[in-house]
Amino acid sequence: MPVDSCPRITVGLPVYNGAQYLRRAIDSILASRFTDFELIISDNGSTDETPQICREYAARDNRIKIITQPKNRGAVANFQAVVAPARGKYFMWAADDDVWLPDFMSLTSAELDAHPDAAVAMCAVKRREGAEGDVIDVLRFPYVNKEMGGTRFGNFRLMTSSSKISLFVYGLFRTELMKKSILLFPHTLGGDRQFMCQFTLSGDFRFVDSVQYVRSIQSSHEWSYRRNSSRPSVLLKQMASFISLMVRSPIVPAAQKVKLPLLAYRYAVFIGLHAASNLRKLIQAELSGDAAGRRNGKALMVVQLYVRLRQLVAKNLKLVMLGLVGGGAALLGCAVILLLAGEVTVALLLLLAGGIAGLVAGEILIARLVRETFKLVKWRGTQQSDARKSLDDIRNEVRRLTDLQLVQRVADVGVDVAVPTSRYAQNRLALIRKEVTFAHQVETSRIRELYLGEIMPEALKVPVPLGAMNELTGHPNKADMMMVCAIAGAIKAKRIFEFGTHVGRTTFHLTAVNEEAEVTTLDIGDAAVNEYAPYIGNFFKNTGKDGRIRQIFANSFEFDPTPYRQQFDFVFVDADHSYEAVKNDTLKAFELLRPGGVVMWHDYAPKSAGLVQFIKEYTLAERPLFRIRNTCLLLHIDGVDPLTFRPYPMLSSLDLDAKQKDPHKMDEIYHT
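Letter 311 of the sequence shown, counting from 1, is numbered 315 in this note's numbering, and no numbers are missing.
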């Protein structure tokens, strides 16, 4: 590329004392298959080998430009420094300890070229612990795309939630928008997320489902962030910064700015819950730490004090609010009397003093609630919140922390006494960890757990032959398949689609519960790929039911649902339980489903980590689901919102009474 020509992309790399991994970051950028770019590096007064490394690379590649700051100007100023001279049509930031794969620029730039209304494009992100540590997870954001239901306000809601969509700050932007907005980059904790909020409202977000970015997560930074984020002064500064940014932003359309009260409310709820979550994680770290005795006693005391403070605040909240309202009314009455008496100056001074006192009292109250209340406000739905007392939530959380502490202590015993634990003990510990992790995934997903009788009592009266349960292994436990067939029978499903079968027990009984039902089952018949292939359909062959069963032998990734769109009353997803497979099958299941139909998933359990992770992301981004208690089944009923659904009453029984007396007792978890 000639030196004086304008590149298509500008990469801005702000750095301060990043010599340890800077070479690796620059090398990964220069290895890009997309070559029409410039790299601007701003050294923020580094005292290590960073300046020498920058000069070395600039001498080797004329696409690299160096900006040297005489002293450290702060992180925000350094981020702004690489934007100002950008000449490319598109712009991206780079961090000195991250890595980009060769197709990052080509894929994201092609996405922006194809979608003129898009403000930023991003690829899938692989996160790892530190610059050289283990992989933590892979994050995907398909739900931001328009074709997946993504909207600008919907993306704003995601940006003000626990979603990691804030990583779009390292995506590819339109330089024009970046230059207009960069001078308003917030100087506050979490400023990057605030900065991205204005982009959600000014343009579409685009996602390319390919891992092209490796993000390093520094534990020390995480813990520092968590400690600071729960301070009242920080929260108030964040709130003021957000409102100022939304009002002043040159890229947020006026049509979006009129929603400022709703935007500010949403952001306030987010930072409050986020602060509470970070405080919870700090307590969890104390409980599961390596120090014993005194430290653990102190941590437990902190938890008890925290719960007690929360109870007091919740109990006295109405009194405090009534006091503020009553005091304000009395003050206003006095001011009116003074005005009628001609004492205008005194009345105005009284109102001014009262207003200041009210603001101070309100800020103190808000700060106390945000700091000391754990999940007092829980977001329910897309544009509303369901405020409720959440003592049950804190009890459940303390139970989970106790579980984690127990696992840690049992594991420590094996180390302390220098005696290797048995294989059985190791397996049990691994199982407990999986169960605790699974329980937390359920609690942090938008999943409502109810008994089948509370959701669909008519299903309990549908006769299902015992053959739906495998007498050789007892699988599936708790007769999950009998419930699947009962639900299909209760809704009188005539057209049923099944992703995956083994010998065909479920397939057979789906036809048995309704003599008019026709079942289409999608299976992999290649024995080299599928170990179940030789046995597929043995249970229903030559039974007289096979005339109403149609088998499609194909890989579900290659299966085209278009000819079958909206033709099925009931869709059952029970094939490969990897993240990608469940994602593929779920999206296609909703294409197949008729309005008013039912979708069910099996093996929602600790053993199916990919399925559980996808369902968590899906319920947070798309729609909530039911989980049928004491099963591995998830349920979607078209037109029914699980979060607002009123359960049917259960028949009184000894078991039910026992559960009501101990509502925090975890249901039995199996399939681990």
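Positions of the beta carbon are idealized from the N, C-alpha and C atoms, including for glycine.
Where residue i falls: helix, strand or coil (DSSP)
i, result
"Q409", "With a pLDDT of only 46 at Q409, under 50, the local geometry of the prediction cannot be trusted, and no value is derived from it."
"A35", "coil"
"A457", "Position check: residue 457 holds Gly in this sequence, whereas Ala was assumed. It is helical."
"G551", "helix"
"H278", "helix"
"F442", "helix"
"I540", "coil"
"L647", "coil"
"F503", "strand"
"V142", "strand"
"R28", "helix"
"L687", "Here the chain comprises residues numbered 5 to 676, so residue 687 is not present and cannot be evaluated."
"F563", "coil"
"V238", "helix"
"V466", "coil"
"M200", "helix"
"M604", "strand"
"G301", "Any reading at G301 must be qualified, since the residue scores a pLDDT of 46, below 50, and its modelled position is unreliable; the value itself is stated next. Here G301 sits in helix by DSSP."
"L655", "coil"
"T14", "strand"
"R270", "helix"
Where the beta strand (DSSP E) containing residue i begins and where it ends
i, result
"Q216", "208-221"
"T515", "From DSSP, T515 is part of no beta strand (DSSP E) but of the alpha helix (DSSP H) over 509-516."
"R132", "122-133"
"S253", "First-last for S253: undefined, no H or E at that position."
"V523", "522-527"
"L591", "Where L591 is concerned, there is no enclosing beta strand (DSSP E), although the alpha helix (DSSP H) it sits in stretches over 583-596."
"S9", "No beta strand (DSSP E) contains S9, which DSSP labels as neither H nor E."
"D47", "41-47"
"D573", "572-577"
"R631", "629-632"
"H640", "638-641"
Proximity of residue i and residue j at Cβ, strictly below 9 angstroms
i, j, result
"V602", "T590", "no"
"F572", "T635", "no"
"F199", "V124", "no"
"W104", "S46", "no"
"T51", "N82", "no"
"F209", "F203", "yes"
"C127", "Q222", "no"
"V488", "H606", "yes"
"Q555", "L596", "no"
"V586", "F618", "yes"
"I451", "F512", "no"
"T448", "S166", "yes"
"F95", "M182", "yes"
"V507", "F563", "no"
"K438", "K611", "yes"
"D213", "P257", "no"
"I528", "A483", "no"
Cβ separation of residue i and residue j, assumed to be a contact under 8 angstroms, to the nearest whole Å
i, j, result
"I500", "A492", "6 angstroms"
"V173", "D141", "Contact flag wrong, Cβ pair sits at about 18 angstroms."
"R12", "S113", "7 angstroms"
"A35", "D100", "Between D100 and A35 the Cβ distance is about 16 angstroms, and since that is not below 8 angstroms, they are no contact."
"L43", "I68", "5 angstroms"
"G207", "W97", "That pair is no contact at about 17 angstroms."
"T14", "G78", "With a Cβ gap of about 22 angstroms, T14 and G78 do not count as contacting."
"L638", "M604", "7 angstroms"
"P254", "S185", "7 angstroms"
"L456", "I169", "Between I169 and L456 the Cβ distance is about 35 angstroms, and since that is not below 8 angstroms, they are no contact."
Residue i, enclosing alpha helix (DSSP H) - first and last residue
i, result
"Q617", "613-625"
"I491", "484-494"
"V262", "Segment: none, V262 is in no alpha helix (DSSP H) and carries neither H nor E."
Closer than 9 angstroms to chain E by CB, residue i
i, result
"K592", "Protein chain content of the structure displayed is limited to a single chain, and chain E is not contained in it."
Completely contained beta strand (DSSP E) runs for the region 54-111, where each covers 3 or more residues: As far as the region 54-111 is concerned, its whole beta strand (DSSP E) runs of at least 3 residues are 68-72, 94-97.
Start-end ranges of the alpha helix (DSSP H) lying completely within the region 150-197, minimum 4 residues: For the region 150-197, whole alpha helix (DSSP H) runs of length 4 or above, ordered along the chain, are 156-163, 179-185.
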